[in-house]
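Trainee: Read in order, the letters of the sequence shown are residues 766 to 913 in the working numbering. Quick reminder that beta carbons are idealized off the backbone N, C-alpha and C, glycines included. The structure follows.
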Amino acid sequence: MTSRELMTRAVKLAREAGEQGEVPVGAVIAKNGEIIAEGKNTRERDKNALGHAEINAINNACKSLGSWRLRGCVMYVTLEPCPMCAGAIINSRIDKVVYGAYDLKAGSADSVINLFSYPYNHKPEIQAGFMENECKELLTEFFKKLRP
């Protein structure tokens with residue numbers, strides 16, 4: 766699959782999350798260009814602060830591969846990872862993160878801080894702003910409906 770197809774799938778997951786009353790964020794993890802895991806926000810449904818799309822996708826990828834090391838994997842996520850998700854990305858050894866919308870309040874790949882620039886034992890490659898308009902629009906529309 767192409768990067769556009771993979772991010773389009775993440776956008777679809779984000780849209781599903783929004784329809785379920787969750788902040789619309791979706792993530793897919795691919796290895797060799799094929800999706801091995803998916804995730805979307807589930808914090809409201811599960812009443813759990815850990816229910817971020819990235820965490821759910823990482824959990825599913827670890828199960829899929831039978832390993833906590835996700836070397837050779839690329840994450841496509843519609844929103845810039847927060848500090849918790851950035852930490853999970855570092856710890857799971859994901860090779861690359863491609864994200865759409867910047868998160869000016871909690872973004873930890875560029876916007877507020879870049880946790881990936883610190884001397885941790887793993888540094889994923891980051892591609893920011895991929896399909897940014899599509900990803901940002903989902904969030905804008907969701908919050909317009911929530912706070913008219």
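For the alpha helix (DSSP H) that contains LEU835, what are its first and last residues?
Mentor: First-last for LEU835: undefined, no H or E at that position.
Trainee: Helix, strand or coil for LYS828, going by three-state DSSP, please let me know.
Mentor: LYS828 falls in the helix class under three-state DSSP.
Trainee: If you measure between the beta carbons of VAL877 and LYS888, is that distance less than 9 angstroms?
Mentor: No, these two residues do not count as a Cβ contact at 9 angstroms.
Trainee: Could you give the C-beta distance for ASP875 and ALA893, rounded to a whole number, given that I count them as a contact under 8 angstroms?
Mentor: Confirmed, about 6 angstroms.
Trainee: So is ASN806 buried or exposed if we call it buried at 16+ other beta carbons inside 10 Å?
Mentor: Buried, since its Cβ has 16 or more Cβ neighbours within 10 Å.
Trainee: Just mark ALA795 as buried or exposed, buried being the case when its beta carbon has 16 or more other beta carbons within 10 Å.
Mentor: Result: buried.
Trainee: Roughly how many whole angstroms lie between the Cα atoms of ALA853 and ILE820?
Mentor: Whole-angstrom Cα-Cα distance: 7 angstroms.
Trainee: Are there 16 or more other CB atoms within 10 angstroms of the CB of SER873, so buried, or fewer, so exposed?
Mentor: It is buried - the Cβ of SER873 has at least 16 other Cβ atoms within 10 Å.
Trainee: In chain order, what residues of the same chain have a beta carbon less than 7 angstroms from the beta carbon of ALA851, not counting five sequence neighbours either side?
Mentor: Answer for ALA851: SER873, ALA874, LEU880 and PHE881, listed in chain order.
Trainee: For the alpha helix (DSSP H) containing VAL790, list its first residue and its last residue.
Mentor: Counting along the chain, VAL790 falls outside any alpha helix (DSSP H), and DSSP gives it neither H nor E.
Trainee: Pick helix, strand or coil for ALA739, following the three-state DSSP scheme.
Mentor: Residue 739 cannot be examined here, being either before or after the span of the chain that is shown, 766 to 913.
Trainee: Opposite VAL863 in the DSSP bridges: which residues?
Mentor: According to DSSP, which records beta bridges pairwise, VAL863 is partnered with TYR841 and GLN892.
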